[in-house]
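Just so you know, the sequence shown maps onto residues 100 to 438 in my numbering.
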Amino acid sequence: MVIVSLTGCMLVFESEIKDLLNTEFSLPIQDESRLLPPSKLHNAVSHMLPGREIHSIWYHGLTKATVVTINSDSVIYIDPYTAEILSFQNKEDIFHFIDEGHRNLWMGKKLGKQIVGWATMVFLLLLLSGLILWWPRKWTKRNSSQRFNIKWKARFKRLNYDLHNVLGFYALSFGLLLAITGLIISFSWFSKGMYWLTGGEVNQLLAKKEVFINSPHTFLYNSDKVWLKVRQDIARYNKNDIIISFQDEANEPIYACTDMIKGTWRDLFFDPVSLSLTQASGKEWQELNFSDQLRRMNFSLHVGSFGGLPTKILFFIISLICASLPITGFYIWWGKRKA
């Protein structure tokens, strides 16, 4: 949990740090009508790098370079107004390394994800049992002072106890939120259980796989149509922030991602022939019931992006406290063991 919490701290400000480090990918704003469609960017990359598999194109608004994912392990930054390739980068950057540690402890998804998931489950139980131990038998003035204040001038053993006891209480509610949202990401059974507890119908999550018939020669042209349709008719927030994913097989729907705001997004799937939305597509926010709204916000609630920069700073501090709790708790346990 120390590793998971510390890597979580680093990932909270991933987008902000990348923006600071990659200032060369900032572009002067132009009219949105000058944005080139996916087919133009696809053809430009294919011409410059023949033989590479192009999987998706992510438009980052009007002031940033567009990101093209190729071969599942590399990305290209490209000017969305001129199709000029600005940079070729490997996906295996420092943040990918940190994310692998956060999710899988650098042990691979099959083993590491299970270890992180069950460690998070234990952490959740420790938080709940910690609240029981924190709660005084009698609410006297002295007990209240000890529960809510850190005695900074005390000896190290007492200071360590206060850091565990007091900071643990102040971070408890957010720590529970981090643990629960993390478990939703780790375990499908936990995710379905929380969805049911919040009033959702689990059967709705089991959508049938839809099969389509499409010509592989028209997928670029249809992707352009989807791109325009989403921006002009469907998107409600940040309409120029959009992901278009190209089909691996001709019988797959065309995927688009829109309404990306504060860590939430809306997944859309289009029939590649009629270009109509399929049943698997996400609804607009106001059309969702409470359980579906919580489900869509899970990532936002996990990383603290739901309230912008203030909640990100708060979650950074909470993650640091969560990283300290196993250390201070171990020292308390070790002291009792020696006694």
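Glycine is no exception: its CB is placed at the ideal position from the N, C-alpha and C atoms. Given the structure is predicted, the values throughout are model-derived calculations rather than measurements.
Next item on the list: Work out the CA separation of Ala422 and Leu110 for me, nearest whole Å.
Entry: For the purposes of this step, residue 110 is identified with residue 11 of the sequence shown, where counting begins at 1. For the purposes of this step, residue 422 is identified with residue 323 of the sequence shown, where counting begins at 1. For Leu110 and Ala422, the distance between alpha carbons rounds to 14 Å.
Check: Would the stretch 165–181 and the stretch 214–226 be scored as touching if the rule is three or more Cβ pairs under 8 Å?
Finding: With the cut-off at 8 Å, the stretch 165–181 and the stretch 214–226 do not touch.
Check: For the alpha helix (DSSP H) that Val166 lies in, which residues bound it at each end?
Finding: Residue mapping note: residue 166 aligns to position 67 of the sequence shown, counting from 1. Val166 -> not in any alpha helix (DSSP H); beta strand (DSSP E) instead, spanning Thr165 to Ile169.
Next item on the list: Look up Phe369 in the DSSP assignment and say whether it is helix, strand or coil.
Entry: The residue given as residue 369 occupies position 270 in the sequence shown. Of the three classes helix, strand and coil, the one that applies to Phe369 here is strand, per DSSP.
Margin query: For a test of the three-state rule: what should DSSP assign to Tyr180, helix, strand or coil?
Written below: Taking the sequence shown and counting its residues from 1, one reaches residue 180 at position 81. Here Tyr180 sits in coil by DSSP.
Note to self: Considering only the alpha carbon of each residue, which of Trp364, Asp323 and Asp347 lies closest to Asp340?
What the structure shows: Counting from 1 along the sequence shown, the entry for residue 340 is found at position 241. Selected option, being the one with the closest Cα: Trp364.
Checklist line | Whole-angstrom distance between Cys108 and Tyr260, CA atom to CA atom | finding: For the purposes of this step, residue 260 is identified with residue 161 of the sequence shown, where counting begins at 1. For the purposes of this step, residue 108 is identified with residue 9 of the sequence shown, where counting begins at 1. Rounded to whole angstroms, Tyr260 to Cys108 spans 23 Å at the Cα level.
Notebook entry, point to check: Between which two residues does the alpha helix (DSSP H) containing Trp295 stretch?
Noted result: By 1-based counting over the sequence shown, the position of residue 295 is 196. Start and end: Ser287 to Leu296.
Notebook entry, point to check: Are the stretch 277–293 and the stretch 429–438 touching by the rule of at least three beta carbon pairs closer than 8 Å?
Noted result: The stretch 277–293 vs the stretch 429–438: no contact.
Next item on the list: Give me the Cβ distance between His195 and Ser344, rounded to the nearest whole Å; I'm assuming they're in contact under 8 Å.
Entry: Taking the sequence shown and counting its residues from 1, one reaches residue 195 at position 96. Taking the sequence shown and counting its residues from 1, one reaches residue 344 at position 245. Actually they are not in contact, since the Cβ atoms of His195 and Ser344 sit about 19 Å apart, beyond 8 Å.
Check: Among the residues of its own chain, which have a CB less than 7 Å from the CB of Asp178, if the five just before and after it don't count?
Finding: Here residue 178 is taken as the residue at index 79 of the sequence shown, counted from 1. For Asp178, where only same-chain residues beyond five positions count, the Cβ hits under 7 Å are Leu126, Ala164 and Leu185.
Next item on the list: Please report the Cβ distance between Pro136 and Asp358, rounded to the nearest whole angstrom; I am assuming they are in contact, meaning their Cβ atoms lie under 8 Å.
Entry: For the purposes of this step, residue 136 is identified with residue 37 of the sequence shown, where counting begins at 1. For the purposes of this step, residue 358 is identified with residue 259 of the sequence shown, where counting begins at 1. So it is not a contact: roughly 20 Å between Cβ atoms.
Notebook entry, point to check: Between Tyr294 and Ser390, which are expected to be in contact by the criterion C-beta below 8 Å, what is the C-beta distance as a whole number of angstroms?
Noted result: Within the sequence shown, residue 294 is the residue found at index 195, counting from 1. Within the sequence shown, residue 390 is the residue found at index 291, counting from 1. Correct: roughly 6 Å between the Cβ atoms.
Next item on the list: Express the C-alpha separation of Leu262 and Lys237 in angstroms, rounding to a whole number.
Entry: In the sequence shown, the residue the question calls residue 237 occupies position 138. In the sequence shown, the residue the question calls residue 262 occupies position 163. Pairing Lys237 with Leu262, the inter-Cα distance amounts to about 21 Å.
Margin query: Among Gln331, Leu204, Trp234 and Ser171, whose alpha-carbon lies nearest the alpha-carbon of Ile102?
Written below: Along the sequence shown, read from residue 1 onward, the residue named residue 102 stands at position 3. The option with the nearest alpha carbon to Ile102 is Leu204.
Item checked: Length of the line joining the Cα atoms of Val144 and Trp157 -> Taking the first residue of the sequence shown as position 1, residue 144 is located at position 45. Taking the first residue of the sequence shown as position 1, residue 157 is located at position 58. Between Val144 and Trp157, the C-alpha separation is close to 14 Å.
Next item on the list: Might you give, ordered along the chain, the residues of its own chain that have their beta carbon closer than 6 Å to the beta carbon of Phe273, omitting 5 neighbours on each side?
Entry: The count along the sequence shown starts at 1 and reaches residue 273 at position 174. Sequence-distant Cβ neighbours of Phe273 in its own chain, meaning closer than 6 Å and more than five residues away, are Ile417.
Checklist line | Residue range of the unbroken beta strand (DSSP E) whose run includes Asp340 | finding: Here residue 340 is taken as the residue at index 241 of the sequence shown, counted from 1. If you look at Asp340, you'll find it in the beta strand (DSSP E) that goes Asp340 to Ser344.
Note to self: Checking the sheet assignment: what are the DSSP bridge partners for Cys356?
What the structure shows: Taking the sequence shown and counting its residues from 1, the one referred to as residue 356 is at position 257. Residue pairing from DSSP places Cys356 in a beta bridge opposite Ile342 and Asp366.
Note to self: Applying the 10 Å Cβ sphere with the 16-neighbour rule, what's the burial state of Trp251?
What the structure shows: In the sequence shown, counting from the first residue as 1, residue 251 sits at position 152. That one is exposed.
Next item on the list: Pick out the complete beta strand (DSSP E) segments inside the stretch 174–243, 3 residues or longer, and give them in chain order.
Entry: Annotation: the stretch 174–243 contains the following complete segments of the beta strand (DSSP E) (minimum length 3 residues), in chain order: 184–189.
Next item on the list: On a CA-only basis, which of Glu131, Leu424 and Asn142 is nearest Ser104? Give me that one, please.
Entry: As a working note, residue 104 is residue 5 in the sequence shown. Distance check between Ser104 and each of Glu131, Leu424 and Asn142 places Leu424 closest, using alpha-carbon atoms only.
Next item on the list: Taking the CB atoms as reference points, tell me whether His201 and Thr280 lie closer together than 7 Å.
Entry: Your numbering for residue 201 matches position 102 in the sequence shown. Your numbering for residue 280 matches position 181 in the sequence shown. The answer is no: Cβ separation not under 7 Å.
Margin query: Can you list, in chain order, the residues of its chain with a C-beta nearer than 6 Å to that of Tyr180? Leave out the 5 residues immediately preceding and following it.
Written below: Position 81 of the sequence shown, counted from the first residue, corresponds to residue 180. The answer, listed in chain order, is Gln129 and Arg133.
Next item on the list: Would you kindly check if the distance between the Cβ of Ser138 and the Cβ of Leu319 is under 7 Å?
Entry: For the purposes of this step, residue 319 is taken as residue 220 along the sequence shown, with counting starting at 1. For the purposes of this step, residue 138 is taken as residue 39 along the sequence shown, with counting starting at 1. Taking 7 Å as the Cβ cut-off, Leu319 and Ser138 qualify as a contacting pair.
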